[in-house]
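**Student:**
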């Protein structure tokens, strides 16, 4: 007959398997983040190259292509490590589908670069191509964040995803502004897109601030106090307030690109610190779970040899129940290990309470991801039903939220609820 220790050991092995998968996922996320950062720079240099009719930034762009290819190899290696043979519960189907999509994009990347090199595509079209690939990579990070079963690890993955997403909007801002300055002419569409990208950055970075640790919040605050930020704000005002079709100083294109790049490089240091936190936490959790498993197995062997064990306690004695520890996300309950003076019943109680606490914390951390999914679905519905662009759909939702004094996610839910009464062809 199987004892309580048998099932405690099985539970711990499941936990270890999940943590090992999270460690691989975290390594994948870190490699993807480095590659995204390099692609963002390649996109910006490509915009400058195309906007100048190939007269400038050609060498810098080609050097960045070489760097991107090196980091692409790291991402492909991280993909190869993932187990694709064993069926995977949870969001495995979504994650692997996202990776398959990204691999198609990576295979097509040389063709995009050739079109940039030969100036077959305008800056706007090339930018859209890079955005499509980067968004695919971000979707991989999103699915990784949505797969974490440990609340503290999930918290950091959500924080990292929103920060990388905010940095991507900053990269798109760099590309858009570079094209405007290099072309020497203000364009209403480009100016509107710039304002949309600035607003989108703020929303993502607010989520980062809400979930990040205190050292990372301080690091981000230092980035925003840097002199580069003041220079960037001045250039933003020039772009945003220029009359449509009005002249822009092409000499500012390099200054704009350098200011945006300095900010994004500073953001990358914060991203790297967050990635290091995530990796360290994965190893810490895995080491603690491995120690617990060894202790459980030692107790099981002692039990099988008839050696003395702690009292089991009275299952029906209310006084034996272990009160649930207070939830503190900043200092989560440490992984337990059997102590000589504690009863087996206490261990079982603690296991149940710990799992319940993990579930509660995980639900709260994932709320950010779920809200994003709802908003994206509502935007997709508006784009299909009213033939709007992504920017116009988001602007419509935001305006509705302001007019109704409601949260954006609440308005998005109302839009999706209305979809249920639409004829099938209009959904």
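Numbering (our numbering), first residue to last: 118 to 544.
Each residue gets a CB set at the ideal place from its N, CA and C atoms; glycine is no exception.
Keep in mind it's a predicted model, so treat the numbers as computed, not measured.
1) Return yes when at least one heavy atom of the ligand FAD lies under 6 angstroms from the C-beta of residue 215, else no.
2) May I ask which residues mark the beginning and end of the alpha helix (DSSP H) holding residue 171?
3) Run through DSSP, which three-state label would residue 227 get?
4) Counting C-beta neighbours from all protein chains within 10 Å, is the total for residue 418 16 or more, i.e. buried, or is it exposed?
5) Counting pairs of beta carbons, one from the segment 133 to 145 and one from the segment 396 to 411, are three or more of them closer than 8 angstroms?
6) Cutting at 6 angstroms between CB atoms, please list the residues of its own chain near residue 298, excluding the five before and the five after it.
7) Confirm, please, whether the CB-CB distance from residue 283 to residue 231 is below 7 angstroms.
8) Assuming contact is defined by CB atoms lying nearer than 7 angstroms, are residue 383 and residue 340 in contact in what I supplied?
9) Using DSSP with H/G/I as helix, E/B as strand and the rest coil, what is residue 204?
10) If you run the structure through DSSP and keep just helix, strand and coil, what is residue 364?
11) In this structure, what does DSSP give as the bridge partners for residue 302?
12) Apart from the five residues on each side of it in sequence, which residues of its chain come closer than 7 angstroms, Cβ to Cβ, to residue 455?
13) How many Å lie between residue 410 and residue 130 at the Cα?
14) If you reduce the DSSP assignment to three classes, tell me which class residue 267 lands in.
15) Do residue 160 and residue 218 come within 7 angstroms of each other at the CB atom, strictly closer than that value?
16) Assuming contact is defined by CB atoms lying nearer than 7 angstroms, are residue 391 and residue 322 in contact in what I supplied?
17) Let me check understanding here. Comparing Cα to Cα, which of 145, 535, 490 and 385 lies closest to residue 193?
18) Alpha helix (DSSP H) containing residue 420: first to last residue?
19) Of the choices 293, 286 and 234, whose alpha-carbon is the least far from that of residue 178?
20) Considering only C-alpha positions, which residue in the set 379, 330 and 338 is nearest to residue 349?
21) Taking the straight line between their C-alpha atoms, what separation do you get for residue 296 and residue 381?
22) Contact check, residue 274 vs residue 422 under 8 angstroms by CB: the rounded distance?
23) Taking buried to mean at least 16 other C-beta atoms within 10 Å of its own C-beta, is residue 490 buried or exposed?
24) Starting from residue 342, trace the alpha helix (DSSP H) both ways and give me its first and last residue.
25) May I ask you to verify whether the segment 304 to 313 touches the segment 349 to 364, counting CB pairs closer than 8 angstroms and requiring at least 3?
26) Label residue 267 either buried or exposed according to how many other C-beta atoms from any shown protein chain fall within 10 Å of its C-beta, with 16 as the threshold for buried.
27) Look at the Cβ atom of residue 494, then the Cβ atom of residue 533, and state whether they are nearer than 7 angstroms.
28) Taking its Cβ as the centre, do 16 or more other Cβ atoms sit within 10 Å of residue 224, making it buried, or is it exposed?
29) What is the DSSP secondary structure of residue 522, counted as helix, strand or coil?
30) From 158, 150, 185 and 271, pick the residue whose C-alpha is nearest to that of residue 174; which is it?
31) Buried or exposed for residue 338, going by 16 or more other Cβ atoms inside 10 Å?
32) Using the C-alpha atoms, what's the distance from residue 250 back to residue 210?
33) Between the Cα of residue 289 and the Cα atoms of 128, 123 and 242, which residue gives the shortest distance?
34) Do you know offhand how far residue 508's Cα is from residue 197's?
35) Using a Cβ-Cβ cutoff of less than 7 angstroms, which residues in the same chain neighbour residue 237 once the five nearest sequence positions on both sides are dropped?
**Tutor:** Per the coordinate set shown:
1) Among the ligands in the structure shown, none appear at all, so the ligand FAD cannot be discussed.
2) Neither: residue 171 is in no alpha helix (DSSP H) and is coded neither H nor E.
3) helix
4) exposed
5) yes
6) 365, 369, 370 and 373
7) Note that the C-beta distance between residue 231 and residue 283 is not below 7 angstroms.
8) yes
9) If DSSP states are grouped into helix, strand and coil, residue 204 belongs with coil.
10) Three-state result, residue 364: strand.
11) BP columns for residue 302 point to 364.
12) Low per-residue confidence applies at residue 455: pLDDT is 36, beneath 50, and the placement is therefore not dependable enough to give any value.
13) 7 angstroms
14) coil
15) no
16) Contact: no.
17) 145
18) 369 to 421 is the extent of the alpha helix (DSSP H) around residue 420.
19) 234
20) 379
21) 18 angstroms
22) Incorrect: roughly 43 angstroms between the Cβ atoms, too far for contact.
23) Looking at its Cβ environment, which holds fewer than 16 other Cβ atoms inside 10 Å, residue 490 is exposed.
24) 331 to 342
25) yes
26) buried
27) yes
28) exposed
29) In the displayed model, residue 522 falls within coil according to three-state DSSP, outside both helix and strand.
30) 158
31) exposed
32) The alpha-carbon separation between residue 210 and residue 250 amounts to approximately 20 angstroms.
33) Of the candidates 128, 123 and 242, the one whose C-alpha sits nearest the C-alpha of residue 289 is 242.
34) 35 angstroms
35) none
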